Amino acid sequence: MITFQRVAKAVGKHLTRTMLVLRKAMGARANRACTACGQSVVGFFRYGDNAEWGCPNCGASPRERLMNHLIAEKTLTVPEDGAILHMAPNEGSLVRRFSSAADYVPADLDPARYSVPGMRRVDLMALEEAEQYDLFYASHVMEHVPDDHAVLRNIYRALKPGGEAWLIVPLWDKPTEDGSFDIPPRERERRFGQWDHVRQYGLDFADRIRAAGFLLEEIDASGIDADTRHFFALDDRLFRARKPVGSAAR
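Okay, so the sequence shown: first residue is 2 according to my numbering, each after it adds one.
Here's what the structure looks like:
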């Protein structure tokens, strides 16, 4: 669906990305580094209200760069001998990292939107697998599902004991506000930031994760050293949910 907000974001992204490329060609000093592609860049391009958002070289978002940093620093471990379910695999760098696993499953409700090899159609509302995966990763997915409580229970069931779900959602500084697909798209865009979102999460998303049975750790960029912290966005937060060892599928 084309909206003014989407067009404005796209135009701002294109213009600032082009300016960064021109500045680099003119010899401007690179003072940022992208952990997704490993390149030093002049700066990050604008997207919406985020003045420094995307890598002009590879397009990586702040959350993609944060994930690569956490994996490189061994804060997170990719289970290379295990099974990974990667929902909405937009992040090329993470596709490359995760595809080294013994059983990598890239998936989406609409797999035709992606060019990733081996894409499968997965409806999280109907996910019935039990103790199948060592890792579940979904970035900016949960705000699209009709019933996130049901989806969190499904993810819990699909993980092996000790398995982890790495979840990132758009956040604001208020309690979570839920909606539904019965709300007109333009009203959802106004209330939730995007026409295909059905809620806006607050930090109380953590309570929903714990209610599904998970142990939870929250990670953001605030603990990263000051010299590199500005490569990321301080409002991005990883909800690292772990299914307890010895627990049964619910």
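Glycine is no exception: its CB is placed at the ideal position from the N, C-alpha and C atoms. Only a predicted model underlies this, so the values are computations on that prediction, with no experimental measurement involved.
Buried/exposed call for S62, threshold 16 Cβ in 10 Å = S62 counts as buried, since no fewer than 16 other beta carbons sit within 10 angstroms of its beta carbon.
Short check: CB of A139 to CB of R121, under 9 Å?
-> The beta carbons of A139 and R121 sit no closer together than 9 Å.
Apart from the five residues on each side of it in sequence, which residues of its chain come closer than 6 Å, Cβ to Cβ, to C59?
-> Excluding sequence neighbours, C59 sits near A37, C38.
H87 classed as buried or exposed, judged by whether at least 16 other C-beta atoms fall within 10 angstroms = Classification of H87: buried, given that the 10 Å Cβ count is 16 or more.
Counting pairs of beta carbons, one from the stretch 151-167 and one from the stretch 176-186, are three or more of them closer than 8 Å?
-> Proximity of the stretch 151-167 to the stretch 176-186 falls short of the contact definition, fewer than three beta-carbon pairs being nearer than 8 Å.
Do you know offhand how far K25's Cα is from V43's?
-> C-alpha separation (whole angstroms): 6 Å.
Taking the continuous alpha helix (DSSP H) assigned at Y157, which residues delimit it?
-> Y157 -> alpha helix (DSSP H) spans 149-159.
With a threshold of 16 other CB atoms inside 10 Å of the CB of R143, please say whether the residue is buried or exposed.
-> At residue 143 the sequence reads Met, which differs from the Arg that was named. M143 is classed as buried because its beta carbon has at least 16 other beta carbons within 10 Å across all chains shown.
Take the Cβ of E92 as the centre, count every other Cβ of all protein chains shown within 10 Å, and call the residue buried at 16 or more, exposed below.
-> E92 comes out buried.
If Q133 and A159 are in contact, beta carbons under 8 Å, what's the gap, nearest whole angstrom?
-> Cβ-Cβ separation between Q133 and A159: approximately 5 Å, consistent with a contact (criterion under 8 Å).
From D205 to D221, what distance separates their C-alpha atoms?
-> Taking the Cα positions, D205 is about 15 Å away from D221.
Which class does I220 belong to by DSSP, given the choice of helix, strand or coil?
-> Residue state, collapsed to three classes: strand.
One or two residues paired with F167 in a DSSP bridge = In the sequence as presented, Phe is not what sits at residue 167; that position holds Trp. Answer is Y138, R241, bridged to W167.
Taking the alpha carbon of R7 as the point to measure from, which residue in M27, T76, I169, E190 has its own alpha carbon closest?
-> Taking only the C-alpha atoms, the option nearest R7 is E190.
Cα-Cα, which of R66, L71, V106 is closest to S94?
-> Nearest C-alpha to S94: R66.
How is P112 classed by DSSP in three states: helix, strand or coil?
-> P112 sits in a helix when the DSSP states are folded into three classes.
If we ignore side chains and look at the alpha-carbon of each, how far apart do L41 and T19 end up?
-> Note that residue 41 corresponds to Ser in the displayed sequence, not to Leu. C-alpha separation (whole angstroms): 16 Å.
Is it the case that the Cβ atoms of V117 and I85 are separated by a distance below 9 Å?
-> With contacts defined by Cβ atoms closer than 9 Å, V117 and I85 do not form a contacting pair.
May I ask you to report which of helix, strand or coil DSSP gives M143?
-> The answer is helix: DSSP assigns M143 an H, G or I state.
Have a look at K14 and F46 and give me their C-alpha separation to the nearest angstrom.
-> Cα to Cα, the separation comes out at about 6 Å.
With a cut-off of 8 Å, do at least 3 Cβ pairs link the stretch 123-130 to the stretch 70-84?
-> The stretch 123-130, when compared against the stretch 70-84, does not touch it at the 8 Å Cβ threshold.
Measuring CB to CB, does R64 end up less than 9 Å from I169?
-> Going by beta carbons, R64 and I169 fall inside the 9 Å limit.
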